[in-house]
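K.L.:
FYI, UniProt numbering numbers position 170 of the sequence shown as 170, with every residue one higher than the one before it. Glycine residues also receive a C-beta, built at the ideal position from the N, C-alpha and C atoms. A single structure is presented below for examination.
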Amino acid sequence: MASSAKTAAPKAAAAKKAPAAQASGQNARSNAAVNIQPVLGQQNNAPAPTQRYGTVSQRLPIGLDEKTRQASVTGLNQLLADTITLRDMYKKHHWQVVGPTFYQLHLLYDKHYEEQSTLVDAIAERIQILGGVAVAMAHDVAELSSIPRVPRDREEAPVQVSRLLDAHQRLLKNCHEYADTADENGDDGTNDLIVSQLIRTNEMQVWFVSEHVVDSPLIQAK
Ligand SMILES: [Fe+2]
Numbered sequence: 001m002a003s004s005a006k007t008a009a010p011k012a013a014a015a016k017k018a019p020a021a022q023a024s025g026q027n028a029r030s031n032a033a034v035n036i037q038p039v040l041g042q043q044n045n046a047p048a049p050t051q052r053y054g055t056v057s058q059r060l061p062i063g064l065d066e067k068t069r070q071a072s073v074t075g076l077n078q079l080l081a082d083t084i085t086l087r088d089m090y091k092k093h094h095w096q097v098v099g100p101t102f103y104q105l106h107l108l109y110d111k112h113y114e115e116q117s118t119l120v121d122a123i124a125e126r127i128q129i130l131g132g133v134a135v136a137m138a139h140d141v142a143e144l145s146s147i148p149r150v151p152r153d154r155e156e157a158p159v160q161v162s163r164l165l166d167a168h169q170r171l172l173k174n175c176h177e178y179a180d181t182a183d184e185n186g187d188d189g190t191n192d193l194i195v196s197q198l199i200r201t202n203e204m205q206v207w208f209v210s211e212h213v214v215d216s217p218l219i220q221a222k
């Protein structure tokens, strides 16, 4: 009894489906399920990249020759790596600061972090406009940056400040050099970005941070 019930079931199901299939007739193709599976894992056997890092293209008609673009892109990628590093130093110090100036520095560091983030985007997009490839990932930034490696440890506030001022100064020296090069090559846009945004912002931040390590009396004048 049990085996005949098993064999009867598929037949019954087939008979039930048949009228539906016949009714669909010529519309059978359009009723086929759409394949909604995303095509995954394409990076595992990828074709050549659309552009290699370190090269410049002449895609955009901005009136600058390849030699000028190459020089500007090389300088800007250095400034980008240093600015990303400085931005991240500010967030590290924002989290780890300690002592009686905690609240001041905690807020100031985050403000500077946001300003450095804005600069990061401006530099990276200038590189792309020039036909270059902007450095982006942490491991590449670490290799390229001219700022000495920052320890993972939590440090005293004056050490944090001193470390930040050293990073700002390295970055600013590079800014002056690359602004001059861009000016000599006629790349006014790059020169303007470096002078008007990078130098001005970094100098202002140096002022705000520096005043925290002046040994001035808190209560009674010396
Ligand atoms: Fe925060």
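Report all residues from its chain with a CB closer than 6 Å to the CB of Q154; omit the five preceding and five following residues, and keep chain order.
P.N.:
Before going further, note that residue 154 is Arg rather than Gln in the sequence given. So the list reads Q96, once near-sequence residues are dropped.
K.L.:
Return yes when at least one heavy atom of ligand 1 lies under 7 Å from the C-beta of H94, else no.
P.N.:
At least one heavy atom of ligand 1 is nearer than 7 Å to the Cβ of H94, so yes.
K.L.:
With distances taken between CB atoms, is the gap from Q78 to E66 smaller than 8 Å?
P.N.:
In this structure, E66 does not lie closer than 8 Å to Q78 by Cβ.
K.L.:
Which word fits A2, buried or exposed, when buried means at least 16 other C-beta atoms lie within 10 angstroms of its C-beta?
P.N.:
Confidence at A2 is low in this model, with a pLDDT of 39, below 50, so the placement of that residue is unreliable and no value is reported for it.
K.L.:
Determine, using beta carbons only, whether T101 and H176 come nearer to each other than 8 Å.
P.N.:
No, the Cβ-Cβ distance between T101 and H176 is not below 8 Å.
K.L.:
With respect to 7 Å, is the separation between the Cβ of D110 and the closest non-hydrogen atom of ligand 1 below this value?
P.N.:
D110: yes, Cβ under 7 Å from ligand 1.
K.L.:
Using the C-alpha atoms, what's the distance from A221 back to H168?
P.N.:
Those two C-alpha atoms are separated by around 31 Å.
K.L.:
Quick one: what does DSSP say D166 is sitting in, helix, strand or coil?
P.N.:
The answer is helix: DSSP assigns D166 an H, G or I state.
K.L.:
How about T201 and E125: are their beta carbons less than 8 Å apart?
P.N.:
No, Cβ-Cβ distance for T201 and E125 is not below 8 Å.
K.L.:
When the Cα atoms are used, what is the spatial distance from P148 to P38?
P.N.:
Approximately 43 Å between the Cα atoms of the pair.
K.L.:
Going by DSSP, what residue range makes up the alpha helix (DSSP H) through Q205?
P.N.:
It spans 200-210 - the alpha helix (DSSP H) in which Q205 sits, taken as one unbroken run.
K.L.:
Am I right that V150 and V141 are in contact with their C-beta atoms under 8 Å? What's the rounded C-beta distance?
P.N.:
With 8 Å as the limit, V150 and V141 do not qualify as a contact, their Cβ atoms being about 13 Å apart.
K.L.:
Out of curiosity, what's the CA-to-CA distance linking V214 and P158?
P.N.:
Computed Cα separation, rounded: 10 Å.
K.L.:
If we ignore side chains and look at the alpha-carbon of each, how far apart do D187 and T55 end up?
P.N.:
Near 18 Å, if we compare the C-alpha coordinates of T55 and D187.
K.L.:
Quick check on E114: does DSSP put it in helix, strand or coil?
P.N.:
DSSP places E114 in helix when its eight states are reduced to three.
K.L.:
Between Y109 and the rest of its own chain, which residues show a CB-CB distance below 6 Å, the 5 nearest in sequence each way excluded?
P.N.:
Cβ within range, chain order: Y90, H93, H94.
K.L.:
Just mark T190 as buried or exposed, buried being the case when its beta carbon has 16 or more other beta carbons within 10 Å.
P.N.:
Buried: at least 16 other Cβ atoms inside 10 Å.
K.L.:
Taking the Cβ atom as the reference point for each residue, do L130 and V206 lie within a distance shorter than 8 Å?
P.N.:
Against a cut-off of 8 Å, the Cβ pair of V206 and L130 comes out as no contact.
K.L.:
For the alpha helix (DSSP H) containing Q43, list its first residue and its last residue.
P.N.:
Taken as a continuous stretch (DSSP letters only), Q43 belongs to no alpha helix (DSSP H), as it is neither H nor E.
K.L.:
Which residue from G63, A33, G41, L86 puts its Cα closest to that of S162?
P.N.:
Looking at the Cα atoms, L86 is the closest of the given residues.
K.L.:
Taking the alpha carbon of D88 as the reference point, which residue from A122, H112, N35, L198 has its own alpha carbon closest?
P.N.:
Here the closest residue by C-alpha is H112.
K.L.:
Work out the CA separation of A122 and L105 for me, nearest whole Å.
P.N.:
Cα to Cα, L105 sits roughly 26 Å from A122.
K.L.:
With C-beta atoms as the reference, is G75 less than 8 Å away from T181?
P.N.:
Yes, Cβ-Cβ distance for G75 and T181 is below 8 Å.
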